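Trainee: In our numbering, the protein residues as written are 1 to 640.
Take this structure first; my questions come after.
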């Protein structure tokens, strides 16, 4: 990357390699094309030195590009959002203008173009909300000035043009005659037709147009706006139950999205309903328990300011529901996730109503019943009962580590947090080391390293780990009482969680992990050693090639062993070129640029030029590739 120079424009110092490092080969190539097609419609510099541009793509996108401490970055209103082809096109447009001697305007801080761009890509919701409120206020003032006749004319005209508005007004007319049952009946009838339509198609051939739930939504809104919120509650349950029957056909979730909009109206109705608060809570819970496909939108119902007495009444109702579900089948409380979710709500309700003494016994009962140890442990810790929490952590890990590995892992993480908080780094190191020998990978190795270093035992721990990866030798002693063994006797303490049967039996040497460790520890000699050993190991070790990155190997050894790095990059580049795809050419160019930089750093510019000529000659018919390679022969983008 170029250094910033106070006496020159840092953008003018940019090299082609800087663009590729920033946006990648693919985005750079597309950005070049966009700039050549004159898609950059407007560009300005800001007082801070960034570039702001409007670039034509699928739509018009605003992008802002920054060059700070020699590094390019950008934001954009396109779906990618940052470091994209639109930013590349803007930089190239700016440099072309500079090369032609044309000055790019420096915008003022109040410049509307820059302000609009920044509002677009920061998603200035507050400003947008203010504009909406201002627009609504102006519209209201305008309508208030109209006569009754003028208002009627406007409504009739637009009701004829907008079917949704027309239906809404007709249903309000029906409701004014107090015919609520007719509107409710129409909603159910419409719902029957829509869901029957959705269910009539074979799953594999389901390519129908998504049913339009607008009439259902309008019917719900008209009921709500005319003061009949209670009638919507049963419809809400019916909506969720019926969606359950056709959800398998809704592969893209489009029907679910439309139903969620209808449910938003139901939630508004729930707030306005005349039923008691604790019944509203139970209603909302049972709607959420119906949401097996996660279609509901976010809502703030549970954050409402209910009184402790309302929470208590809800908790009593929910306890009855859960008890009944243990005796009689209830589809809302039968599955594990539904029961866990309901109990989470019950715990919250007990806390909000001040019945803290009931929380721990409830969580203990549920841990035994459903295996939800995590909730119990967190409740115990929040109550200051650390020792009891640890007892349940140990019990939970031992009961879940074979079949519920994610639960066991979360419990282990909580135990680690406890021991780290106590500053017991030897115990932390022992836990992390056991975890590595159960699940040897670069992540568990790094965690083990961090704990062992803080315990002052990294040298011994690392030696045991590397020996294990080389020859499979496990360090733990063979005691009769497996739980009282240490993973590293004489070095680390016993944790009470070690089970030798669960330690990973491995095929050695573990080439991929040994290479990754050497890369992480910045030991190019070890990287080369295990890389060469892997190449010599033959077919029996072929699986390791899928879990290592030859590019990372080359990057890690390029300074000490440039010839190995060059060999790897050439192989990767030539393999990509042979695919004869533009995207592959762009990926290959990144490796070829590394070859160029390595040759030139060694004072072998002539060898680089010969290699580039060979590549061009061997691929003389691949015009797209040649265009990409031409940029590699240049340093700065513009000649100054």
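Glycine included, each C-beta is placed from N, C-alpha and C at the ideal position.
Remember, it's a predicted structure, so these values are computed and weren't measured experimentally.
When the Cα of residue 471 is compared with those of 374, 507, 424, 152, which residue comes out closest?
Mentor: Here the question's residue 471 lines up with position 471 in the chain shown. Out of 374, 507, 424, 152, 507 has the C-alpha closest to the C-alpha of residue 471.
Trainee: Using C-beta distances below 8 Å, list every residue in its chain close to residue 431, excluding the 5 sequence neighbours before and after it, in chain order.
Mentor: Along the chain shown, read from residue 1 onward, the residue named residue 431 stands at position 431. Result list for residue 431: 412, 415, 416, 419, 451, 495, 497, in chain order.
Trainee: Bridge partners of residue 405, per DSSP?
Mentor: The residue labelled residue 405 in the question sits at position 405 within the chain shown. Answer is none; residue 405 lacks a bridge partner.
Trainee: Going by the beta-carbon positions, is the gap between residue 645 and residue 65 smaller than 7 Å?
Mentor: As shown, the chain starts at 1 and ends at 640. That puts residue 645 outside it, with no answer to give.
Trainee: CA-CA distance, residue 522 and residue 530?
Mentor: By 1-based counting over the chain shown, the position of residue 522 is 522. By 1-based counting over the chain shown, the position of residue 530 is 530. Rounded to the nearest angstrom, the two C-alpha atoms are 14 Å apart.
Trainee: Taking the straight line between their C-alpha atoms, what separation do you get for residue 579 and residue 303?
Mentor: Position 579 of the chain shown holds residue 579. Position 303 of the chain shown holds residue 303. Looking at the two C-alpha atoms, the distance is approximately 56 Å.
Trainee: Nearest-angstrom Cα distance between residue 593 and residue 284?
Mentor: Here residue 593 corresponds to residue number 593 of the chain shown, with the count starting at 1. Here residue 284 corresponds to residue number 284 of the chain shown, with the count starting at 1. Roughly 59 Å separates the two Cα atoms.
Trainee: Within the continuous alpha helix (DSSP H) that includes residue 462, where are the two ends?
Mentor: Along the chain shown, one-based indexing puts residue 462 at 462. It spans 458-471 - the alpha helix (DSSP H) in which residue 462 sits, taken as one unbroken run.
Trainee: Looking only at DSSP bridge pairs, what is residue 60 linked to?
Mentor: Stepping through the chain shown from its first residue, residue 60 is reached at position 60. The partner list for residue 60 (beta bridge, DSSP) reads 56.
Trainee: Taking a contact to mean a Cβ-Cβ separation below 7 Å, would you say residue 67 touches residue 11 in this structure?
Mentor: Position 67 of the chain shown, counting from 1, holds the residue named residue 67. Position 11 of the chain shown, counting from 1, holds the residue named residue 11. Going by C-beta atoms, residue 67 is nearer than 7 Å to residue 11.
Trainee: Given 8 Å as the limit, is there contact between the stretch 279-296 and the stretch 236-255, that is, 3 or more CB pairs closer than that?
Mentor: yes
Trainee: Taking residue 72 as part of the beta strand (DSSP E), name the residues at either end of that continuous run.
Mentor: On the chain shown, residue 72 is found 72 positions in, with the first residue counted as 1. Element bounds for residue 72: 71-76.
Trainee: Please go through the same chain and pick out, in chain order, the residues whose beta-carbon is closer than 8 Å to the beta-carbon of residue 355, but skip the five residues on each side of it.
Mentor: Position 355 of the chain shown, counted from the first residue, corresponds to residue 355. Excluding sequence neighbours, residue 355 sits near 312, 315.
Trainee: Specify, as a first and last residue, the run of the alpha helix (DSSP H) that residue 216 falls within.
Mentor: One-based indexing of the chain shown puts residue 216 at position 216. Under the DSSP assignment, residue 216 falls in the alpha helix (DSSP H) whose first and last residues are 214-225.
Trainee: Given a cut-off of 7 Å on the beta-carbon distance, is the pair residue 569 and residue 591 in contact?
Mentor: As a first step, residue 569 must be located in the chain shown, where it is residue number 569. As a first step, residue 591 must be located in the chain shown, where it is residue number 591. The answer is yes: Cβ separation under 7 Å.
Trainee: Span of the beta strand (DSSP E) holding residue 41?
Mentor: What you label residue 41 is simply residue 41 of the chain shown in a count that begins at 1. From DSSP, the beta strand (DSSP E) with residue 41 extends over 40-45.
Trainee: Taking the alpha helix (DSSP H) that residue 452 falls in, what are its first and last residues?
Mentor: One-based indexing of the chain shown puts residue 452 at position 452. Note, residue 452: alpha helix (DSSP H), 442-455.
Trainee: Does the count of Cβ pairs from the stretch 14-33 and the stretch 88-105 closer than 8 Å reach three?
Mentor: yes
Trainee: Using a 10 Å radius around the Cβ and a threshold of 16 neighbouring Cβ atoms, would you call residue 329 buried or exposed?
Mentor: Position 329 of the chain shown, counting from 1, holds the residue named residue 329. With fewer than 16 other Cβ atoms within 10 Å, it is exposed.
Trainee: Helix, strand or coil: which one does DSSP assign to residue 242?
Mentor: Within the chain shown, residue 242 is the residue found at index 242, counting from 1. In this structure, residue 242 counts as helix in the three-state DSSP scheme.
Trainee: Taking the continuous alpha helix (DSSP H) assigned at residue 364, which residues delimit it?
Mentor: As a first step, residue 364 is located in the chain shown; it is residue number 364 there, counting from the start. 359-370 is the span of the alpha helix (DSSP H), which, as asked, contains residue 364.
Trainee: So, with DSSP's three-state summary, where would you put residue 97?
Mentor: As a first step, residue 97 must be located in the chain shown, where it is residue number 97. Shown here, residue 97 sits in a helix according to DSSP, grouped into three states.
Trainee: Based on Cα-Cα distance, which residue from 543, 488, 499 lies nearest to residue 510?
Mentor: On the chain shown, residue 510 is found 510 positions in, with the first residue counted as 1. Across the set 543, 488, 499, the C-alpha of 543 shows the shortest separation from the C-alpha of residue 510.
Trainee: Nearest by alpha-carbon distance to residue 545: which of 533, 226, 555 is it?
Mentor: Here residue 545 refers to the residue found at position 545 of the chain shown. Nearest C-alpha to residue 545: 533.
Trainee: Should residue 425 and residue 455 be called a contact, given that it needs their Cβ atoms to be closer than 7 Å?
Mentor: Reading the chain shown from its first residue, position 425 is the one you call residue 425. Reading the chain shown from its first residue, position 455 is the one you call residue 455. Yes. Within cutoff.
Trainee: Three-state secondary structure (DSSP) at residue 289?
Mentor: Residue numbering aside, residue 289 sits at position 289 when the chain shown is read from its first letter. Residue 289: helix per DSSP, three-state reduction.
Trainee: Report the three-state DSSP secondary structure of residue 67 (helix, strand or coil).
Mentor: Locating residue 67 in the chain shown gives position 67, where the first residue counts as 1. In this structure, residue 67 counts as strand in the three-state DSSP scheme.
Trainee: Can you tell me which of the three DSSP states residue 228 falls into?
Mentor: Here residue 228 is taken as the residue at index 228 of the chain shown, counted from 1. Coil at residue 228, not helix or strand.
Trainee: Using alpha carbons as the reference points, say which of 359, 224, 331 lies closest to residue 344.
Mentor: Looking up residue 344 in the chain shown gives position 344. Taking only the C-alpha atoms, the option nearest residue 344 is 359.
Trainee: Per DSSP, which one or two residues make a beta bridge with residue 82?
Mentor: The sequence position of residue 82 within the chain shown is 82, counting from 1. 75, per the DSSP bridge assignment.
Trainee: For the candidate residues 443, 549, 95, 149, whose alpha-carbon lies nearest to that of residue 51?
Mentor: Counting from one through the chain shown, the residue named residue 51 turns up at place 51. When only C-alpha atoms are compared, the closest one is 95.
Trainee: Taking only the alpha-carbon atoms, compute the straight-line gap between residue 201 and residue 158 and give it to the nearest angstrom.
Mentor: Along the chain shown, read from residue 1 onward, the residue named residue 201 stands at position 201. Along the chain shown, read from residue 1 onward, the residue named residue 158 stands at position 158. Residue placement at residue 201 cannot be trusted, given a pLDDT of 48 that sits under 50; the coordinates are not used to answer.
Trainee: Take residue 321 and list the residues in its own chain whose beta-carbon comes closer than 7 Å to its own, dropping the five residues that flank it on each side.
Mentor: For the purposes of this step, residue 321 is taken as residue 321 along the chain shown, with counting starting at 1. Around residue 321: 333.
Trainee: Name the two residues that bound the continuous alpha helix (DSSP H) containing residue 642.
Mentor: Absent from the structure is residue 642, since the part of the chain shown begins at 1 and ends at 640.
Trainee: State the CB to CB distance for the pair residue 15 and residue 628, rounded to an integer number of angstroms; the pair is presumed to be in contact (CB under 8 Å).
Mentor: As a position in the chain shown, residue 15 is number 15, starting the count at 1. As a position in the chain shown, residue 628 is number 628, starting the count at 1. Rounded to whole angstroms, the Cβ separation of residue 15 and residue 628 is 15 Å, and the two are not in contact under 8 Å.
Trainee: Do residue 487 and residue 433 have their CB atoms nearer than 7 Å?
Mentor: Against the chain shown, residue 487 aligns to sequence position 487. Against the chain shown, residue 433 aligns to sequence position 433. Residue 433 is positioned such that its CB atom lies closer than 7 Å to that of residue 487.
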